[in-house]
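Visitor:
There are 2 protein chains.
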Amino acid sequence: MRFVWFVLFSALLTAGPALMPRPAKMEPLSGAQKVDAAFRIAFQRAAAPRLQRAAARFLERLTAQTGIPLKRGPAASVGAANFIIDCAQTVDAPLTLEENESYRLQVNVEQTRLTSPTITGALRGLQTYLQLVEVSGKGFAAPSVIIEDSPRFPWRGLLIDVTSHFMPVPVIERTLDTMEAVKLNVFHWHLTDDQGFRVESKVFPKLHTLGTEGDFYTQAEIRHIVAYARDRGIRVLPEFDMPGHSGTWLIGYPELASAPGPYSIIHTFGVYDPALDPTNEAVYAFIDRLVAEMAGLFPDAYFHIGGDEVNGRQWKQNASIQAFIKQRGLKDEAGLQTYFNQRVLPILKKHGKRMMGWDEILHQDLPKDIMVEAWQNHESLAQAAQRGYKGLLSFGYYLDHLKLAGDYYAVDPVGGPAATLTAEQKKNILGGEACMWTEFISPETIDSRMWPKSAAVAERLWSPATVTDVADMYRRLDVVTHRLTFAGARHVTNYEPMLRRIAPFAPIDALRTLADTLDPTGIEHREVFQRYTQETELNRLVDAARGDSAVVRGLESDVREWLRAPTPEREAAIRRVLTAWRDNHARLLPHAPASALLAEFLPLSEDLARLGAAGLAAMDLLASRRADAAWAREQAPLLDRTAKVRLEVRMAAAQPVRLLVEGVSR
Amino acid sequence: MRFVWFVLFSALLTAGPALMPRPAKMEPLSGAQKVDAAFRIAFQRAAAPRLQRAAARFLERLTAQTGIPLKRGPAASVGAANFIIDCAQTVDAPLTLEENESYRLQVNVEQTRLTSPTITGALRGLQTYLQLVEVSGKGFAAPSVIIEDSPRFPWRGLLIDVTSHFMPVPVIERTLDTMEAVKLNVFHWHLTDDQGFRVESKVFPKLHTLGTEGDFYTQAEIRHIVAYARDRGIRVLPEFDMPGHSGTWLIGYPELASAPGPYSIIHTFGVYDPALDPTNEAVYAFIDRLVAEMAGLFPDAYFHIGGDEVNGRQWKQNASIQAFIKQRGLKDEAGLQTYFNQRVLPILKKHGKRMMGWDEILHQDLPKDIMVEAWQNHESLAQAAQRGYKGLLSFGYYLDHLKLAGDYYAVDPVGGPAATLTAEQKKNILGGEACMWTEFISPETIDSRMWPKSAAVAERLWSPATVTDVADMYRRLDVVTHRLTFAGARHVTNYEPMLRRIAPFAPIDALRTLADTLDPTGIEHREVFQRYTQETELNRLVDAARGDSAVVRGLESDVREWLRAPTPEREAAIRRVLTAWRDNHARLLPHAPASALLAEFLPLSEDLARLGAAGLAAMDLLASRRADAAWAREQAPLLDRTAKVRLEVRMAAAQPVRLLVEGVSR
């Protein structure tokens, strides 16, 4: 029996429904449940208001993704329903880290049953069903299946930095909707930094009035977002970065600073000097009142105090602070920061909060109930876990590095240096967070920087550790990415308008062909090219390009297959793409004089044409079974040049052509 | 001087900026004004709050369309501003039909000045500037120009039927934003019908509670929309259709009916029997209280009572009503409807409203201050104007007929049968309204049915009567259509998601290639194919296809040019499109078994391949200078078949291929 199940399961593995994250257990049944205008849901037991709202959203989403006008009212009876929700939790309760998110989903031809111990578990199951529904030869349907599912890690977060670039409420809302779709459960809100203090404070109003130019969240908006997230089974973790990254606190309240002001909003990015003065008792009184106010807005048990990148310069230059360090025997500035953290700890406790911070806060003098978030490296997480601290991984999940989905997918919180921990120590690693820092990211571009790659992170954190097949991940991701549009994400829909803006009169398919072959690079390559500030225009081809494109991945896979086992169909498919590349530059060139934004990228457009031509030439040589090492060597400068980062992008197109050229040289 | 100006103006005519509607007068200057992050605006005089909000939206839109992060604060001084708004109206006032919408816009290299007598005029000028800003060889800029502009007609409306399919508030909001972008100024809200009573009534709550299944606008939402429209210089005209199309009134209030109930919501479409009973005094008391309540929500001077399509069946079958007709000497049911209108008229007056209705209400017994909207034909408008009634044209502007932009563009309110009116009579024609009836249109598809074609209607109603060059209209429309995305319209961004839904695994460019060649047809061809109801799924290729595609228009124009004067560039461009068509079916075919939605359209996909092949063959024959009448005759069945409406679409691809085949036959 177990063997049969395994065989079925393996079949699904290679060509099963495009679920992401992949459920823990999945057993296909025969048949499928039709979804049409007659589709009705019912509750097996009294449904709490949060579950009722979730069911209403479920129907709305199902209508959005299928185009079928579903009635919102419930079925006449449980027996008459197509979809029954059987949730044991009938009275709502606050979200916690210990939330049971498990569910069981049995899709039958006539009637589907979703069973869960909690409302949050039901939410997860509803999203799985939405991913099951797909067009078929007989209209929309969900394949019959039994799914038993629960997450591997309890903390699956996404951080958004709203200080470098402010992200309006609709951006946060659609991000929460999309997070729900892939079962992410913590929204880490990086709210304050040298570039902005983005929360309205009624106790210290100069924080947001002087700490922003008007771009902050009102308390009503904060409450709205927290409730919105909670409805979707997502905890909101606020971060108030201290004692560094606190320049905007000091504009209105310079008396908290470690050096004389005046201070002002910083519109550039990096590590700056401003820091709170840990030797000043008024600082702790201030933090006490601020945390008291913010605890009323943010109900979660955790409170993130940042703690990263304190450069200590102001402390070094302040004689009285240096005297304090000596007098208390704190060794150095790091010691002073630990002293600061020790002082902040009881304040957080007093307001019912647990302390959380970046890995800089890790110090043996802090108690074991703090939570450490490793961003500098994976080792710090392993060490923290070894020493008995709870921790999360963010290192490797930095979305502003603009890596490929497969790169993020390969990072496992208990992999790498954490792999050698004992089973008990591994339990201290509670999950991870994808981090969307926004130095060069606007409300328009943020979607394509988060999605779909955060879905790959979500799968890493939800699905069993054994789910590691990258090709299968991409197979599902290429479908799921378009589902996320119906959840609200705009990485698909913002693409064409951004390309049209670059060259309104150029053929859109030619712009798309070029942009589809480019992988925009992350912050490390960006800052080399130009200094990014809040005033930098984020409207260039590098901002529109999404990277990791299915076209190039498909071509590379086709090329590998064709080199191994040539077929006419595969050859035609490869030639189609290469021919389009070869001819593309001639179509764009006439439009460059009218657009500085297009003209900038002409060198890459021209090289794409050369890559297309080289690829076609290589195929001709291969078809005539002629190895031509000399010709292959002549292609080296082109392949080398296009493999390098230029204009802040990598030409993904180079790799499949390189494979063809290498084929010729053999 | 006048001659020089004319020469310059003519030059702009053929390749000027993509403004729509075209301004009344436009004089190009040399140079252009750069738009970058330093761009600041200032007010010459105290700005009313509505103008301040408009300026803030202007900056937001400019950021959206350029990707440049503009600061929202004003310039330090008027002298330091890049854009000065000089509006004579410093105190806001209600919008009226007599609103002065004129403005003068002088764009200079250093500083632009917008001058207007009214706030609404300033709004119109701001939108013109947004259309002037375009990417250039030196970044974003607006060409220097002097524009003096005012509308030809004071009433430039767009009707949305929210009864056949409910349109949620966000749909209305983005429609108003897009209307503002093309200077439409009346939102005609068709709120009640047999399919729904979509307004919350606190006086008669059974109207909306029994007259809908929950899909209605609350009074707070109505107030929000009216204020939202007003901010954009758009009047809101509510329509409460009576005495016919009133089935949903009678569900909760059957005592108003002309035949015994019970009544229920009708989920299909057409002309139905339910009608108010004009002989019942309680009907007028009811209308009095309802209008009193609604007058508090809708401040506009006009109140639309519908009055269309009363089939009179209930009146004919009711002996007491028949007796009433005889007794009062009303002749027939039409006479009874006029009696009804005469009774309603003083009720409207009492509540400060002018009566407006469809052309059925036109009758000599009604006073001259009513407004007639001609939907049945153009003649009724001409007759009304001749008899001294004020009127609007909707006939010819029915968006649910899904005609091409050029078709709507050709319709002039004072053209056709109105062309022979005297100048004085023509003044009675105040404009027109594009009508978006929604029998087979959902919140997802409505954008592509309204836009960009309503921009062509907007130009007809705003620009001088002499602006009639269709080719130039399309040249500008093809740019403006993408600008509307930044105003909020979704006709561009909903396209790919709707195509992906049809066949998630098919190559998206192949789906696009097919859909781009299809012109979906209007209601007359739809109802023949299938019976549409509120439960019909609007997710088929005919729903995704937008029609009037630039690809086919471009091909047709290239073919005409090439037949006249062949060049290698043009030949290559034509062959590129035809080759893509020829090869497209083979790319889609493998995906049809997995999608009923794709399989349905395979016959058209196959014919597109045949059209591509026929076109290429014709080009080969033409290139070899061989006339081949026999070959051309062989293509007739294909050309005839593809010229016909099938599966509710027309294959636009047929026409350019027909031109090539005709070339061969000569």
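Just so you know, the protein sequences line up as chains A and B, in that order.
Reading the first sequence from the start, the letters are residues 627 to 1292 in the working numbering.
Reading the second sequence from the start, the letters are residues 627 to 1292 in the working numbering.
Using N, Cα and C, we set each Cβ at its ideal position, and we do this for glycine too.
When you compare only the Cα positions, how much space is there between A:GLY878 and A:PHE950?
Guide: Here the question's residue 878 of chain A lines up with position 252 in the first sequence. Here the question's residue 950 of chain A lines up with position 324 in the first sequence. Straight-line Cα distance between these residues: approximately 25 Å.
Visitor: Whole angstroms are fine: how far does the CA of B:ALA714 sit from the CA of B:GLY751?
Guide: Here residue 751 of chain B is taken as the residue at index 125 of the second sequence, counted from 1. Here residue 714 of chain B is taken as the residue at index 88 of the second sequence, counted from 1. Distance between the alpha carbons of B:GLY751 and B:ALA714 is about 14 Å.
Visitor: Whose Cβ in chain A lies nearer than 8 Å to the Cβ of B:ARG764?
Guide: In the second sequence, counting from the first residue as 1, residue 764 of chain B sits at position 138. In the sequence as displayed, the identity of residue 764 of chain B is Lys instead of Arg. ALA1222, listed in chain order.
Visitor: Do we get a CB-CB distance below 8 Å when we pair B:VAL1118 with the residues of chain A?
Guide: By 1-based counting over the second sequence, the position of residue 1118 of chain B is 492. Chain A contact via Cβ: present.
Visitor: For the region 1149 to 1212 of chain B, list the beta strand (DSSP E) runs that are entirely contained and at least 3 residues long, ordered along the chain.
Guide: Runs found: none.
Visitor: Assuming B:ALA1113 contacts B:LEU1214 (C-beta within less than 8 Å), just tell me the rounded distance between them.
Guide: Here residue 1113 of chain B refers to the residue found at position 487 of the second sequence. Here residue 1214 of chain B refers to the residue found at position 588 of the second sequence. No, B:ALA1113 and B:LEU1214 are not in contact; Cβ-Cβ is about 33 Å, not under 8 Å.
Visitor: So who's on the other strand from A:ASP894, going by DSSP bridges?
Guide: Within the first sequence, the letter at position 268 stands for residue 894 of chain A. Looking at the sequence provided, one finds Thr at residue 894 of chain A rather than Asp. A:THR894 is bridged to A:THR1159.
Visitor: What is the rounded straight-line gap between the Cα of B:ASP995 and the Cα of B:THR689?
Guide: Your numbering for residue 995 of chain B matches position 369 in the second sequence. Your numbering for residue 689 of chain B matches position 63 in the second sequence. Each residue's Cα considered, the two are about 45 Å apart.
Visitor: What is the DSSP secondary structure of B:ALA767, reduced to helix, strand or coil?
Guide: If you number the second sequence from 1, residue 767 of chain B lands on position 141. Here B:ALA767 sits in strand by DSSP.
Visitor: According to DSSP, is A:ARG739 part of a helix, a strand, or is it coil?
Guide: Along the first sequence, read from residue 1 onward, the residue named residue 739 of chain A stands at position 113. In this structure, A:ARG739 counts as strand in the three-state DSSP scheme.
Visitor: Tell me the DSSP secondary structure of A:SER1080 in three-state form.
Guide: As a position in the first sequence, residue 1080 of chain A is number 454, starting the count at 1. Looking at A:SER1080 - three-state DSSP - the assignment turns out to be helix.
Visitor: Inspect the CB distances between the region 1219 to 1232 of chain A and the region 1189 to 1209 of chain A and report whether three or more fall short of 8 Å.
Guide: Short answer: they don't touch.
Visitor: Any beta carbon from chain B within less than 8 Å of A:ILE931's own beta carbon?
Guide: Stepping through the first sequence from its first residue, residue 931 of chain A is reached at position 305. Output row for A:ILE931: interface = no.
Visitor: Among B:TRP1001, B:GLY978 and B:TRP1257, which residue has its Cα nearest to the Cα of B:ALA921?
Guide: Taking the first residue of the second sequence as 1, we reach residue 921 of chain B at position 295. Residue B:GLY978 is the option with its Cα nearest to B:ALA921.
Visitor: Name the chain A residues that come within less than 9 Å of B:GLY840, Cβ to Cβ?
Guide: Locating residue 840 of chain B in the second sequence gives position 214, counting from the first residue. What B:GLY840 touches in chain A: ARG698 and GLY699.
Visitor: What are the partner residues of B:GLU760, as DSSP defines its beta bridges?
Guide: Here residue 760 of chain B refers to the residue found at position 134 when the second sequence is read from its first residue. B:ALA767.
Visitor: Per DSSP, what kind of secondary structure is B:ILE973 in: helix, strand or coil?
Guide: On the second sequence, position 347 is the one that residue 973 of chain B refers to. In the structure shown, B:ILE973 sits in a helix (DSSP, three-state: H, G or I).
Visitor: Report yes or no: is there a C-beta of chain B within less than 8 Å of the C-beta of A:PRO643?
Guide: Here residue 643 of chain A corresponds to residue number 17 of the first sequence, with the count starting at 1. Not an interface residue.
Visitor: According to the neighbour-count rule (16 or more other Cβ atoms, all chains shown, within 10 Å of its Cβ), is A:SER742 buried or exposed?
Guide: In the first sequence, residue 742 of chain A corresponds to position 116, counting from 1. Its Cβ being crowded by 16 or more others within 10 Å, A:SER742 is buried.
Visitor: Name the chain A residues whose beta carbon is nearer than 9 Å to that of B:PHE924?
Guide: Residue mapping note: residue 924 of chain B aligns to position 298 of the second sequence, counting from 1. Neighbours of B:PHE924 on chain A: none; closest Cβ ~28 Å, over 9 Å.
Visitor: Within 8 Å, do at least three Cβ pairs link the region 1060 to 1077 of chain A to the region 1022 to 1038 of chain A?
Guide: The region 1022 to 1038 of chain A, when compared against the region 1060 to 1077 of chain A, does touch it at the 8 Å Cβ threshold.
Visitor: Show which residues of chain A have a CB atom less than 7 Å away from the CB atom of B:LEU1164.
Guide: Stepping through the second sequence from its first residue, residue 1164 of chain B is reached at position 538. Simply GLY693.
Visitor: Exposed or buried, what is A:VAL1275 when buried is set at 16 or more other beta-carbons lying within 10 Å of its beta-carbon?
Guide: Reading the first sequence from its first residue, position 649 is the one you call residue 1275 of chain A. Result: buried.
Visitor: Who are the neighbours of A:VAL1105 on chain B, taking C-beta pairs under 7 Å?
Guide: Counting from 1 along the first sequence, the entry for residue 1105 of chain A is found at position 479. Under the 7 Å cutoff, chain B gives PRO1130.
Visitor: Please name the residue in B:PRO1130, B:ILE786 and B:MET652 whose C-alpha comes closest to that of B:GLU774.
Guide: Mapped onto the second sequence, residue 774 of chain B falls at position 148. Out of B:PRO1130, B:ILE786 and B:MET652, B:MET652 has the C-alpha closest to the C-alpha of B:GLU774.
Visitor: B:VAL917 and B:ILE973 look like a contact to me (Cβ under 8 Å); what is the Cβ gap, rounded to whole Å?
Guide: As a first step, residue 917 of chain B is located in the second sequence; it is residue number 291 there, counting from the start. As a first step, residue 973 of chain B is located in the second sequence; it is residue number 347 there, counting from the start. Contact flag correct, Cβ pair sits at about 6 Å.
Visitor: How close, in whole Å, do the beta carbons of A:VAL788 and A:LEU817 come, if the pair is a contact with beta carbons under 8 Å?
Guide: Start at 1 with the first residue of the first sequence, and residue 788 of chain A comes out as number 162. Start at 1 with the first residue of the first sequence, and residue 817 of chain A comes out as number 191. Yes, A:VAL788 and A:LEU817 are in contact; Cβ-Cβ is about 6 Å, under 8 Å.
Visitor: Quick one, which of B:GLU1085, B:ASP1033 and B:ALA1011 has its alpha-carbon nearest B:GLU999's?
Guide: Position 373 of the second sequence holds residue 999 of chain B. The shortest Cα separation from B:GLU999 among B:GLU1085, B:ASP1033 and B:ALA1011 belongs to B:ALA1011.
Visitor: Confirm, please, whether the CB-CB distance from A:ALA1235 to A:HIS1211 is below 8 Å.
Guide: Along the first sequence, read from residue 1 onward, the residue named residue 1211 of chain A stands at position 585. Along the first sequence, read from residue 1 onward, the residue named residue 1235 of chain A stands at position 609. Contact flag set, yes.
Visitor: What's the gap between the Cα of B:LYS828 and the Cα of B:HIS1117?
Guide: Counted from its first residue, the second sequence places residue 828 of chain B at position 202. Counted from its first residue, the second sequence places residue 1117 of chain B at position 491. Those two C-alpha atoms are separated by around 36 Å.
Visitor: Taking the straight line between their C-alpha atoms, what separation do you get for A:LEU1166 and B:ARG687?
Guide: Position 540 of the first sequence, counting from 1, holds the residue named residue 1166 of chain A. Position 61 of the second sequence, counting from 1, holds the residue named residue 687 of chain B. Just to set this straight, residue 1166 of chain A is Arg in the shown sequence, not Leu. Each residue's alpha carbon lies about 18 Å from the other.
Visitor: Flag B:LEU634 as yes if its beta-carbon sits less than 8 Å from any beta-carbon of chain A, otherwise no.
Guide: Indexing the second sequence from 1 puts residue 634 of chain B at position 8. With a pLDDT of 36 at B:LEU634, under the threshold of 50, the predicted position of this residue should be treated as unreliable, and no value is reported.
Visitor: Taking beta-carbon pairs under 7 Å, can you tell me which members of the region 1194 to 1214 of chain A lie near chain B?
Guide: Answer set for the region 1194 to 1214 of chain A: empty.
Visitor: Is the beta carbon of A:VAL1290 closer than 8 Å to that of A:LEU1265?
Guide: For this step, residue 1265 of chain A is matched to residue 639 along the first sequence. For this step, residue 1290 of chain A is matched to residue 664 along the first sequence. Taking 8 Å as the Cβ cut-off, A:LEU1265 and A:VAL1290 do not qualify as a contacting pair.
Visitor: If you run the structure through DSSP and keep just helix, strand and coil, what is B:PRO993?
Guide: Counting from 1 along the second sequence, the entry for residue 993 of chain B is found at position 367. It is coil, neither helix nor strand.
Visitor: How far does the alpha helix (DSSP H) with B:THR1111 in it reach, from first residue to last?
Guide: Here residue 1111 of chain B corresponds to residue number 485 of the second sequence, with the count starting at 1. B:THR1111 -> alpha helix (DSSP H) spans 1096 to 1113.
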